[in-house]
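Q: One structure coming up, written as structure tokens, with questions to follow.
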Amino acid sequence: MKTTSKLILLAVLSFSFLFSSCNNEEPSDNIGEAVVTTGEIDKKVEKLLSKMTLEDKVGQMTQITIDVITKGESVYVSDDPLELDSKLLEEAITKYKVGSILNTANNKARTVEKWNEIIKQIQDVAIDKIGVPVLYGVDAIHGTTYTAGATFFPQQIGMAATWNIDLNMKGAEISAYETRASSIPWNFSPVLDMGRDPRWPRIWETYGEDVYLVSQMGKAAIDGYEGVNNDLSNPNKVASCIKHFLAYGAEKSGKDRTPSYIPEIQLREYYLPSYKAAIDAGAHTVMINSGLINGVPVHADYNLLTNLLREELGFEGVVVTDWADIENIHNRDKVAESQKEAVKLAINAGIDMAMVPYNFNFTTNLIELVKEKEVPMSRIDDAVRRILKLKYELGLFENPYPILSDKSDFGSEKFENAAYLAASESITLLKNDSSLLPISKESKLLVCGPNANSMRTLNGGWTYSWQGDLANNKEFTSKYNTILEAVQNKFGNENVKYVAGVEYKDDGAFWEEKNIDIKAAVNAAKNVDYILLCLGENTYTETIGNINDINISENQEELALELSKTGKPIILILNEGRPRLIRNIDPVSKAVVQTYLPGNFGGDALVDILVGEINPSGKLPYTYPMYPNGLGTYDHKPSEATETMEGIYDYNSSFPVQYQFGYGLSYTDFEYSNLRLSQKEINGNDTFTVSIDVKNIGEREGKEVVQLYTKDMYASVSPDNKRLRRFKKISLTRGESKTVEFTLSGRDLAFVGVDMKYVVEKGDFKILVGGKSEKLKVLNTLKFN
Ligand code: BGC
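Each residue of the sequence shown is one higher than the last, beginning at 20 in this note's numbering.
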């Protein structure tokens with residue numbers, strides 16, 4: 020229902036609260052002056068709460084989508100040009116006392132000015148009628164999705180591939196600035212779900228498969244969005260929303276919003292740490308997993324929402340539902356017999372705000388439930404207290420729609436340069452036979468494949484529109500270069516032939532293809548030096564992106580195989596949200612480059628890598644699978660590696676994959692030596708250091724990601740193959756050498772034991788860095804809280 024509605028609507032409006040003037044400083048960690056202290060805010064919250072009626076309070080817990088209050092034929096379709104319907108707006112505020120609004124209308128990006136106008140209108144009514152400002156939220160997940168001219172970074176999966184924490188934080192800072200410049204103070208980002216199942220259509224929204232990498236990237240995003248002190252009164256910052264708590268993406272079927280069955284030991288080992296790290300980093304809001312875990316809708320799960328999230332993790336901020344997910348407890352999951360029962364289950368489980376989003380049934384039902392004593396008033400007060408506190412912290416009471424006197428950095432060259440840099444550090448060179456790359460700018464190229472000439476596929480979903488389709492938004496990408504355009508700019512039109520061979524049907528389902536003319540592509544390959552074959556996926560978001568076959572499309576595979584018969588060297592460029600299987604295409608390609616979803620500057624960054632102006636430094640944030648029945652992760656148990664290419668029952672081996680987690684080539688070579696530990700033995704929680712020398716022994720400057728893994732040799736729970744514990748991206752000039760030092764403790768070696776507590780057990784470990792390894796002995800067993 021939700022997705023259908025979204026599609027009908029074609030929409031998600033991103034708004035903004037026009038906040039106090041955004042100065043022309045570069046976004047940074049500098050914290051703006053706090054408007055009021057926390058103690059003062061608490062007093063204000065209590066004072067306001069004491070004056071509120073039940074209706075006022077429940078209104079604060081209600082979030083609707085913008086189309087509910089716009090002029091248009093229905094709640095699903097708004098008129099264009101966009102206008103708020105003052106009658107509907109007043110009704111939402113005066114009758115239902117609505118506390119929050121989200122989204123854009125008609126799936127269309129709007130100018131900063133339009134956002135300012137709309138939000139001013141909303142806030143004027145809210146302040147005038149109920150004295151409480153509205154909290155506006157959007158998904159600005161790789162840039163400010165619904166604002167024309169915003170700066171788009173690679174999607175999260177690409178940011179993870181940079182393995183560059185500072186770049187990720189910088190990207191979040193810029194998105195926060197541009198989101199606030201668009202007057203929006205609340206961002207439904209980052210996604211802290213684990214990308215451990217490559218079939219899942221939201222893999223590209225994650226930071227990949229590894230617990231540590233996701234946690235580090237997540238913390239950097241929160242620091243960027245909220246500032247390192249989480250002071251939301253800074254007019255350049257937004258409240259972050261970590262989502263979707265908990266273990267979304269672990270569905271048994273690999274399809275979005277289908278059931279997950281997760282034992283607690285696995286939940287705690289792989290899915291909880293990224294949320295814990297984000298809560299410790301001060302994230303202000305949490306969005307809940309739309310699905311079921313072990314048969315129970317997470318939105319109705321008291322154990323997860325209250326016992327785990329509130330009590331164990333100590334989360335004090337606002338808990339918001341995902342889209343229509345209280346309705347889903349009744350409509351979809353059949354756990355509640357009525358809508359009203361669903362509201363009762365969700366609010367009593369620990370939900371503070373309902374993303375309803377199309378009607379006011381939630382509001383009416385919840386008021387009745389409180390009157391009938393089915394939901395305690397204390398639960399309502401608890402939820403509203405958190406919501407009001409957030410509004411005070413964001414400065415909305417003082418300044419509900421600040422007009423930014425200076426937003427000169429919005430979409431500026433320096434922001435765009437940062438996005439280009441991120442794209443260039445994310446692109447991952449997976450294969451380079453006989454050092455084929457880089458190639459000379461004088462080369463003659465045939466460019467083909469459905470991803471060669473598309474801004475849509477470079478950006479992915481949540482870009483100007485929910486699905487990333489550009490039907491309403493094409494004008495916004497015209498100034499950026501597709502791969503083809505970037506190639507033409509670099510190699511000269513006269514050296515570049517373009518025949519797609521296969522195209523995506525942009526007005527159909529995301530997997531549909533058209534204009535299949537493989538012969539034309541093959542014929543065009545005569546007289547060229549190289550074939551640049553751009554394959555992958557068209558854009559999709561959420562359930563729309565479900566697939567029945569993880570192999571790359573048959574048309575694309577045939578295109579590759581036919582082109583290979585020409586004998587011309589194929590450079591395979593992948594541009595995809597998740598790793599589609601390429602085991603038949605990889606062997607006929609001399610070079611393979613993964614671009615993920617690199618954003619508006621992906622074409623330029625890729626071409627700069629092809630000609631060697633940029634030395635690639637991205638590393639895979641997931642395991643690139645080879646077979647549909649071999650979709651494991653690098654941190655698998657030894658027994659998962661039985662059927663290797665090396666032989667059967669070789670438990671020290673790994674299962675066959677196309678490319679390993681953490682893998683990526685450079686145009687230079689790095690030599691690792693002298694791995695040393697500060698001590699060979701530790702007591703349970705001692706700290707120790709690991710050092711290694713890394714030397715650039717190749718011909719050009721390059722960046723390397725130094726990755727430290729640990730391997731527990733024997734444990735009471737079968738130990739993971741290995742686990743990433745630290746990493747650092749360094750830059751080395753030709754011949755340069757650096758010593759990299761990491762500090763760890765026994766806690767870093769711990770795992771979740773059968774009693775659900777972290778434990779490090781005495782025994783032998785291996786410390787692995789850059790192909791070297793050293794032994795470490797833990798002398799005693801220690802449990803951690
Ligand atoms: C998605 C969320 C998103 C929300 C609001 C949902 O469908 O699952 O990730 O934040 O919509 O747009």
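The beta carbon of each residue, even a glycine, is placed where N, CA and C say it ideally should be. Keep in mind that this is a model prediction, so the values were computed, not measured.
Short of 6 Å in beta carbon distance, which residues of its chain neighbour Asp229, apart from the five on each side in sequence? Order them along the chain.
A: Leu743
Q: Going by DSSP, which residues form a beta bridge with Ala258?
A: Trp205
Q: When DSSP labels each residue in this structure, what does Met80 get in the three-state scheme?
A: coil
Q: Let's test the definition: count the other Cβ atoms within 10 Å of the Cβ of Val612 and tell me whether it reaches 16, buried, or not, exposed.
A: Here Val612 is buried. Its C-beta has 16 or more other C-beta atoms within 10 Å.
Q: CA-CA distance, Leu407 and Asn704?
A: 41 Å
Q: Tell me whether Leu465 is buried or exposed, calling it buried when 16 or more other Cβ atoms sit within 10 Å of its Cβ.
A: buried
Q: Using 8 Å as the Cβ pair cut-off and three pairs as the minimum, do the region 358-377 and the region 335-342 touch?
A: In short, these stretches touch, since the Cβ pair count reaches three.
Q: To which residues of the same chain is Ala769 closer than 7 Å at the C-beta, ignoring the five residues directly before and after it?
A: Tyr777, Val778, Val779, Phe803
Q: Relative to the alpha-carbon of Val305, which residue among Lys262, Asn500, Lys295, Asp299 has its alpha-carbon at the smallest distance?
A: Lys262
Q: Less than 8 Å between the C-beta atoms of Leu593 and Thr614, yes or no?
A: yes
Q: Identify, in the order they occur along the chain, each residue of the same chain with its Cβ nearer than 6 Å to the Cβ of Val626, setting aside the five sequence neighbours on each side.
A: Contacts found: Ala505, Val506, Lys509.
Q: Report the partner residues of Tyr691 according to the DSSP bridge assignment.
A: Val713
Q: Cβ of Glu793 within 7 Å of any heavy atom in ligand 1?
A: no
Q: Contact defined as beta carbons within less than 8 Å: I believe Val403 pairs with Met80. What is the distance between those atoms, to the nearest angstrom?
A: With 8 Å as the limit, Val403 and Met80 qualify as a contact, their Cβ atoms being about 7 Å apart.
Q: Could you tell me the alpha carbon to alpha carbon distance between Leu232 and Ser293, rounded to whole angstroms?
A: Within the model, the alpha-carbon separation for Leu232 versus Ser293 is close to 9 Å.
Q: Any idea what DSSP makes of Ala128, helix, strand or coil?
A: coil
Q: Please determine, among Leu503, Asp488, Thr762, Asn451, the residue with the shortest C-alpha to C-alpha distance to Thr729.
A: The shortest C-alpha separation from Thr729 is found at Thr762.
Q: Please classify His318: does DSSP put it in a helix, a strand, or coil?
A: helix
Q: Alpha carbon to alpha carbon, how far is Glu810 from Asp250?
A: Outside the shown range of the chain (20 to 804) lies residue 810, about which nothing can therefore be said.
Q: Whose C-beta lies closer than 7 Å to the C-beta of Lys363 among residues of the same chain, with five residues either side of it excluded?
A: Leu388, Glu393, Val394
Q: What is the DSSP secondary structure of Ile592, counted as helix, strand or coil?
A: strand
Q: Report, in whole angstroms, the separation of the C-beta atoms of Lys699 and Ser756, which I expect to be a contact under 8 Å.
A: Not really, about 25 Å apart at Cβ, beyond 8 Å.
Q: Counting pairs of beta carbons, one from the region 236-247 and one from the region 299-314, are three or more of them closer than 8 Å?
A: yes
Q: Please identify the residue among Thr496, Val773, Gly683, Thr501 whose C-alpha is closest to the C-alpha of Gly168.
A: Thr496
Q: Check Ile312 in the structure and name its three-state DSSP category.
A: It is a strand residue.
Q: I need the boundaries of the beta strand (DSSP E) containing Ser69, first residue and last residue.
A: That residue, Ser69, is in no beta strand (DSSP E); its alpha helix (DSSP H) goes 57-70.
Q: Is Ser397 buried or exposed, if buried means 16 or more other CB atoms sit within 10 Å of its CB?
A: It is exposed - the Cβ of Ser397 has fewer than 16 other Cβ atoms within 10 Å.
Q: To the nearest angstrom, how far is it from the Cα of Asp739 to the Cα of Ala128?
A: 45 Å
Q: What are the start and end residues of the beta strand (DSSP E) that includes Asp783?
A: Looking at the DSSP string, the run of the beta strand (DSSP E) that includes Asp783 is 782-788.
Q: Is His318 a contact residue of ligand 1, with contact defined as CB to any heavy atom under 7 Å?
A: no
Q: How far does the alpha helix (DSSP H) with Met178 in it extend, from its first residue to its last?
A: That run of the alpha helix (DSSP H) goes 175-181.
Q: Helix, strand or coil, according to DSSP, for Ser750 in the structure here?
A: strand
Q: So what's Thr170 in DSSP terms, helix, strand or just coil?
A: coil
Q: Hey, Ile563 and Gln677: beta-carbon distance below 8 Å or not?
A: no
Q: Got a sec? Which residues, its chain only, sit under 6 Å from Glu102 by beta carbon, not counting five neighbours each side?
A: Closer than 6 Å at the Cβ level, and outside the excluded window around Glu102, lie Lys90.
Q: Exposed or buried, what is Ala297 when buried is set at 16 or more other beta-carbons lying within 10 Å of its beta-carbon?
A: Looking at its Cβ environment, which holds 16 or more other Cβ atoms inside 10 Å, Ala297 is buried.
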